[in-house]
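The sequence shown begins at 302 in the numbering used here and counts up one residue at a time.
Ideal placement from N, C-alpha and C gives every residue a C-beta, glycine not left out.
Predicted model, so just to flag it, every value in this text is computed and none were measured.
Single-structure report; data block below.
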Amino acid sequence: MSMRDFKPQHFKWRMAGDIAVVTFDRPERKNPITFESYAELRDAFRQLAYADDVKAVVFGSNDGNFCSGGDVHDIIGPLLKRDMKGLLEFTRMTGDLVKAMRACPQPIVGAVDGVCVGAGAMIALFCDIRLGTPRAETAFLFTRVGLAGCDMGACAMLPRVIGQGRAAELLFTGRVMAADEGERWGFFNRLVEAEQLESEAVALATQLGEGPTFGHMMTKTMLAQEWSMSLEQAIEAEAQAQAICMQTEDFRRAYDAFVAKQKPKFAGD
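Pasting the structure below:
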């Protein structure tokens, strides 16, 4: 299945070589999410599981901002009119988006500039690697609108990334995590200047996309699955995963290249 000609209606998508670059497309309002963009993004990440021509993904910023979260008028207002069944349909859909991001085999590099709050912060959190700019402002602001901080997997994922105490502070207070805090705490892998953000993210994604893509898929799978395993189970699961990878042609290519004192050229098989 190919996604090179994919043309979404509710967000921007372009290919940079083998890398898909995704951004929200409402810069005049700092790129909020709507019901439609939630659903279309969820479906796109599900389809990436079958897209052999996309090697990695960059989830980027648009016009100086990443995402301002759920649109106040298009989402929050209408939610006040829903019954419990309708509310649960919505909250499960938002969770399905980040589950699809975790399930797609391609590494996802988040490129965060400016505002990154609410559901936008959750999307950044569920990227595999995050680059930020010095002006990135990240907030899990659910309590500031009268909700709990446990949204879209926040109470599971954020402590694993930045630690329990730091996550608790951010989720209880809803305050902004400054960019230097985010880098110091491990939310951002590194900070780069805004002018270089997308090019740095695409360069990193391109490096990952050069492979071994089957091995990267297995790495991402095990990073997700081993959360619920004991250490003994994890070691055994990794033994099986690595034995599978040892049957790939890329493993043989790496050996042949080493013997020939060359850099291996991986093909993903």
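What are the start and end residues of the alpha helix (DSSP H) that includes residue i?
i	result
G387	385–404
C368	Neither: C368 is in no alpha helix (DSSP H) and is coded neither H nor E.
F559	550–560
E537	532–546
Does residue i pass the burial test, meaning 16 or more other C-beta atoms within 10 Å, or should it be called exposed?
i	result
S369	buried
Y339	buried
I536	exposed
D306	exposed
F559	exposed
D353	exposed
H517	buried
Relative to the alpha-carbon of residue i, which residue among the options has its alpha-carbon at the smallest distance?
i	options	result
P406	A420, W486, M523, F367	M523
A495	D372, K564, T434, S338	T434
D575	L432, A422, G569	The displayed coordinates of the chain run from 302 to 570. Any statement about residue 575 would go beyond what the structure contains.
A455	G447, R445, A468	A468
R315	A357, R403, E329, T395	A357
C428	R327, G512, L471, A506	A506
D364	T335, E341, L398, L498	L498
A412	G378, H374, G396, E438	E438
A538	Q548, T549, Q526	Q526
R445	N332, I430, G475	G475
F515	G450, E533, I545	I545
V410	P513, S500, Q310, F567	S500
W528	M518, F312, L472, R461	R461
T324	R553, V503, E511	V503
L509	C417, I463, A321	A321
I424	A561, T520, M302, I334	I334
Taking the beta strand (DSSP E) that residue i belongs to, which residues open and close that run?
i	result
I334	No beta strand (DSSP E) holds I334; DSSP gives it neither H nor E.
L432	430–433
Any idea what DSSP makes of residue i, helix, strand or coil?
i	result
M518	helix
C417	strand
R315	strand
E511	coil
G378	helix
A437	coil
C373	Correcting the residue type first, residue 373 is Val in the shown sequence and not Cys. Correct three-state label for V373: helix.
F360	strand
A321	strand
A412	strand
F443	helix
Q526	helix
F346	helix
P328	helix
Length-filtered (3 minimum) beta strand (DSSP E) runs lying within the region 446–509 = 477–479, all fully within the region 446–509.
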